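Taking it in order: structure first as structure tokens, then the write-up.
There are 2 protein chains.
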Amino acid sequence: MKGAEVLLRVLARNGVHACFMNPGTSEMHFVSVLDAVPEMRPVLALFEGVATGAADGYGRMTGRPAATLLHLGPGLANGIANLHNARRAGTPLVNVVGDHATYHKRFDAPLESDIASLARPVSGWYRSTGRTATIARDAEEAVRAALGAPACVATLVLPADVSWLDADPASIGARGGAGAAGPAAVPGTQLAPPDEARLAAVARAIDSGAPAAIVLGGLSLGERGIAAATRVAARTGAKLFAEPFPGRMERGAGVPPIERLGYFGEFVQAQLGDIAHLVLVGARAPVSPFAYPDKPSDLVPRGCEVRVLAGPSEDSAAALEALADLLGADASAKAAAEEVFGSPPARPDPPSGPLNPHSFAAAIGAVLPENAVISDEAITSGFLLPGATAGAARHDLLTLSGNAIGQGLPLATGAAVACPDRPVLALEADGSAMYTIQALWTQAREGLDVTTVILDNGSYGILNIELGRVGAEAGGPVARSMLDLSHPLTDFVALSESMGVPATRAHTAEDLTEALRRSFAEDGPHLVQAILR
Amino acid sequence: MKGAEVLLRVLARNGVHACFMNPGTSEMHFVSVLDAVPEMRPVLALFEGVATGAADGYGRMTGRPAATLLHLGPGLANGIANLHNARRAGTPLVNVVGDHATYHKRFDAPLESDIASLARPVSGWYRSTGRTATIARDAEEAVRAALGAPACVATLVLPADVSWLDADPASIGARGGAGAAGPAAVPGTQLAPPDEARLAAVARAIDSGAPAAIVLGGLSLGERGIAAATRVAARTGAKLFAEPFPGRMERGAGVPPIERLGYFGEFVQAQLGDIAHLVLVGARAPVSPFAYPDKPSDLVPRGCEVRVLAGPSEDSAAALEALADLLGADASAKAAAEEVFGSPPARPDPPSGPLNPHSFAAAIGAVLPENAVISDEAITSGFLLPGATAGAARHDLLTLSGNAIGQGLPLATGAAVACPDRPVLALEADGSAMYTIQALWTQAREGLDVTTVILDNGSYGILNIELGRVGAEAGGPVARSMLDLSHPLTDFVALSESMGVPATRAHTAEDLTEALRRSFAEDGPHLVQAILR
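Protein sequences, first through last, are from chains A and B. Residue 139 in the working numbering is what sits at position 135 of the first sequence, and the numbering runs on without skipping anything. Residue 52 in the working numbering is what sits at position 48 of the second sequence, and the numbering runs on without skipping anything.
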């Protein structure tokens, strides 16, 4: 059995059942054994940033890693931006990078490069598997690392000869020899229980009468963590926030509508106010995404004490439940939510009239189907979405965790592979869409049930705001032209259809709601170009 | 004067007159001062791989660096594959990467990453400029490094605060204060003269009567080097070859038609035969691009002595001329070419009938206009191009120097910015085209005179060959489907027009020649989808 087949079997045996790939010559043995391991679903991407972003979306939705298959250093490099986002989201991911045969590297062939140097900034674990004899062990350890606490991107470099040489079947052992039917050798992420001393200290601080805020992040943003945090807030008056860019967050009808911290520092400062205690639950202390002249980088209010209730390796939802119990927060989740947030937010009515950020957000809130997954890279056009979708049908929200744009369409692609029975909605800014637009082809090829809305404002809208905020002079016409996407305007309908995804254009709120309803009613991918210019 | 303006002025003063960019918030001060430095032409790309590939094309055609402007680690990562190609081509390039403000980095904001680790594998020179006081010096040194011997990618990291703080005008000094009118402080690449001892040894070896071959690479592939090498070959009987993937090579009518070494090792072995001496002139010893079971990596014939006449830091064209003189090769270049290659190759007649690799290549050879620049990423469909264009109108050929696909369209874009009076022709495989298809938008926006031919065979053709060559079993339907681009087929006409580039489809050789003639007759970008399925 070739090394590549051992690798595939060990991955599949340990619950890795999808591989998002863009292979080359050095990966041909991996490709050639795909037929022998039907438990692994291979998904072809036309660009590596699509493969890595899709693996991120898959991992966020399943809690188990997908694999990638990338072609040497340059193929890896093309996937790094979305691996950066996966790293920030804490997604489990087994990042397989093909390499030249071990004995071939010294010849410095054209595609030779320093893969380790490229991979390390985005990898929580890195190994180049040097011998076919160890490939089973290395594959299992990659899955184990990806599913560690915290989960991470585990990069496994696979030289061509390690892939093509025959492995001793004994090296597989229990790791993969039994096929995919048995229980996985590598368990899911095992989070540490809450720390009692920190629990007690947080409870005292938050119950001291001084104003406090709790920021939820990571795995605390499921319904369980949000409900427990809401009970704490109802009991103590602490403010509740979600981190600004959650990897995944449960939202919509029945989930307490906790607000995310804002993008701009001024907004975060207004949200936090004069708190004396800040409690972090799977979240990091708030910082400004960028430095700006004469504005703070650190957004923790002056004099505020910061306490970590649960770090990324701890069970943050359990910690919130333990905190609620310790504080005697005995209201039901529903009663607590009403006390903290008032009446549950309503689903918006379908909007009418011109299309703008307000009617766009209302349309999403109004027609979102039950159990949807939203991949949100709407950027400036999406600033009203949180309010408009708080009372929408129940859904999962995936956000731009590492702020590296070009995530939204790949992420939706991977989420749809992970969740074939759930509608997936990608809300995508026009500028960001063009980074990884090739994702549409994979959606068409795989028949994925993804609805993409392109928010077309004909500009890098965020940069028009930032050009002023950084204190730069407004710039003359040359500077402004660098933020302008309207010469030429991209015809996203033609672009989408060129890759096999049916598309339509929406000029009014009615157009958009109608197009969304049609798309949700039909299987397969669809795209709507929403004109917001 | 802000640091960013000092940077722009020093770059422009030293002959950097184009900047291919995809900026973000941390680069807004650079953008805001563009109006103040009209000697710098900013060119916006929708994806960083387009920006870096275009800077490579610009540098290959001018011999002077263009700048890039990329957004932190993830923006750099998106550009790395084409920086890898630029590195292999020996292109001068000033790669400017924006970074967080120096004091902001410790907060590990979402876009923070290890830029040095990402940049080093593709950078011959790397510096993060830590203070506005040194930005003028750092910018000049970046240009000096880019134009070193050999030329390289010089990466200059520019923190946001270094960009926005005021620089002491005295720090600029002669580096940029005088504007762009004066002579550049940094001269062009200064290559070392030929080494006399090596010249003599090479002359003895090549004139020993034992079979010899000379491989030309790098800057020896201009007409001057090729002509001198041809004189040497006429005098000694040595075989002549070009390296397999030249950064730039002069070809067509009047240039001796030297053959490139092939892609596959078996072909190279047949080309070299049983030579006893191999002379490298700005080229590296031939190696297989990949390892294959039971095939050699090292393609130097067994027992053959390898001698370097000129390395990448030496003047390889001058070395060839000196070698010709030393050997008393006194035939004229024209007479020598006739002796070595026979009658000059003819321009092919315009082909008719079905479109296939043969008629495609003939069409290019037949209609190529005078003084064109060809960016060749045709991959498998282009294997007959060298023969068909040897007798075409005089042109420059730019090839896939680092084998990282997705180079062709960006490279053509940058070449067109560099050479506004020359027609540029991009020959592009369908699979490779989709890596950096966003280049079309920049071509439309800038009105560049680029003709793109998409060679549509509906597959990763090279991988269908490689799947067999690596010794992988042919693979079943799943394996083969990973190399198949026909489900769905991409409509490149719609795709091109969606980004503002007029396009047409060619089903026959007549269609293609007619479409090419029309495109060459009209200004601005055009695309032809050539159906080879």
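Even glycine gets a Cβ: it sits at the ideal position worked out from N, Cα and C. Being a predicted model, the structure only gives us computed values, none of them experimental.
Item checked: Residues near B/L74 in its chain [Cβ-Cβ closer than 6 Å; skip 5 each side] -> E52, L80, G83 and V101
Check: Is there at least one Cβ from chain B nearer than 8 Å to A/T29's Cβ?
Finding: yes
Item checked: Rounded straight-line distance, which links the Cα of A/D211 to that of B/H108 -> 33 Å
Next item on the list: List the endpoints of the continuous beta strand (DSSP E) containing A/N99.
Entry: L97 to D103
Check: Can you tell which of A/L11, A/T517 and A/S30 has the C-alpha that lies nearest to the C-alpha of A/C23?
Finding: A/L11
Check: Between the C-alpha atoms of A/Y62 and A/L402, what's the straight-line distance to the nearest angstrom?
Finding: 11 Å
Check: Tell me which same chain residues have a C-beta within less than 6 Å of the C-beta of A/G28, skipping the five on either side of it?
Finding: H75
Next item on the list: At 3 residues or longer, and completely inside the region 75-129 of chain A: list those beta strand (DSSP E) runs for me, N to C.
Entry: 97-103
Next item on the list: Look up B/G181 in the DSSP assignment and say whether it is helix, strand or coil.
Entry: Reliability fails at B/G181, whose pLDDT of 47 lies under 50, so the model's placement of it is uncertain and no value is given.
Notebook entry, point to check: Does A/R92 have its Cβ less than 8 Å from a Cβ in chain C?
Noted result: Absent here is chain C; the protein component of the structure consists of chains A and B.
Check: If you count every other CB in all the chains shown that lies within 10 Å of the CB of B/F364, and 16 or more means buried, which is it?
Finding: buried
Item checked: Inter-residue Cα distance where the pair is A/A182 and A/G19 -> Only weak support is given to the placement of A/A182: the predicted model assigns it a pLDDT of 43, under 50, and the value that follows is read from those uncertain coordinates. If I take the Cα positions, the gap works out to 13 Å.
Item checked: the region 491-498 of chain A / the region 464-476 of chain A touching (three or more Cβ pairs under 8 Å) -> no
Next item on the list: Please indicate yes or no: does the CB of B/H104 lie closer than 7 Å to some heavy atom of the ligand PLP?
Entry: As presented, the structure is devoid of all ligands, the ligand PLP included, so that no description of it is given.
Margin query: Between A/P481 and chain B, is the shortest Cβ-Cβ distance under 8 Å, so that the two count as touching?
Written below: yes
Notebook entry, point to check: What first and last residue would you give for the alpha helix (DSSP H) that runs through B/Q447?
Noted result: A443 to E450
Checklist line | Under 8 Å by beta carbon: chain B residues contacting A/M438 | finding: L50, F51, Q442 and W445
Item checked: Minimum length 3: unbroken beta strand (DSSP E) runs contained in the region 343-411 of chain A -> 376-381 and 399-403
Notebook entry, point to check: Would the beta-carbon of A/V377 fall within 8 Å of that of A/H399?
Noted result: yes
Margin query: For B/V457 and B/L431, which I take to be in contact (beta-carbon distance under 8 Å), what is that distance rounded to the nearest angstrom?
Written below: 5 Å
Checklist line | CA nearest to the CA of A/R45, picked from B/A483, B/A419 and B/A326 | finding: B/A483
Check: Which of the three DSSP states, helix, strand or coil, is assigned to A/G7?
Finding: helix
Item checked: Alpha-carbon to alpha-carbon, A/A85 and A/T440 -> 11 Å
Next item on the list: Pick helix, strand or coil for B/P260, following the three-state DSSP scheme.
Entry: coil
Check: In whole angstroms, what is the alpha-carbon distance linking B/V474 and B/F268?
Finding: 12 Å
Notebook entry, point to check: Do we get a CB-CB distance below 8 Å when we pair B/G504 with the residues of chain A?
Noted result: yes
Check: Using DSSP with H/G/I as helix, E/B as strand and the rest coil, what is A/D170?
Finding: strand
Next item on the list: Classify B/V126 as buried or exposed, calling it buried when 16 or more other Cβ atoms lie within 10 Å of its own Cβ.
Entry: buried
Margin query: My parser needs the beta strand (DSSP E) runs of 3 or more residues fully inside the region 272-358 of chain B; what are they?
Written below: 281-285 and 309-314
Notebook entry, point to check: Secondary structure at A/R484, three-state DSSP: helix, strand or coil?
Noted result: helix
Notebook entry, point to check: Whose C-alpha, out of B/E31, B/A443 and B/E144, is nearest the C-alpha of B/S502?
Noted result: B/A443
Next item on the list: Check each residue of the region 486-498 of chain A: if its Cβ is closer than 9 Å to any Cβ of chain B, include it; give the result in chain order.
Entry: M486, L487, D488, L489, H491, P492, L493, T494, D495, F496, V497 and A498
Margin query: Check whether chain B comes within 8 Å of A/V291, counting only Cβ atoms and requiring the distance to be less than that.
Written below: yes
Margin query: Between B/G406 and B/R92, how many whole angstroms is the CB-CB distance? I'm expecting something under 8 Å.
Written below: 4 Å
Checklist line | CB-CB length for A/V285 against A/R202, believed under 8 Å | finding: With 8 Å as the limit, A/V285 and A/R202 do not qualify as a contact, their Cβ atoms being about 11 Å apart.
Check: Based on the DSSP output, what are the partners of A/A217 in its beta bridges?
Finding: A/K243 and A/L282
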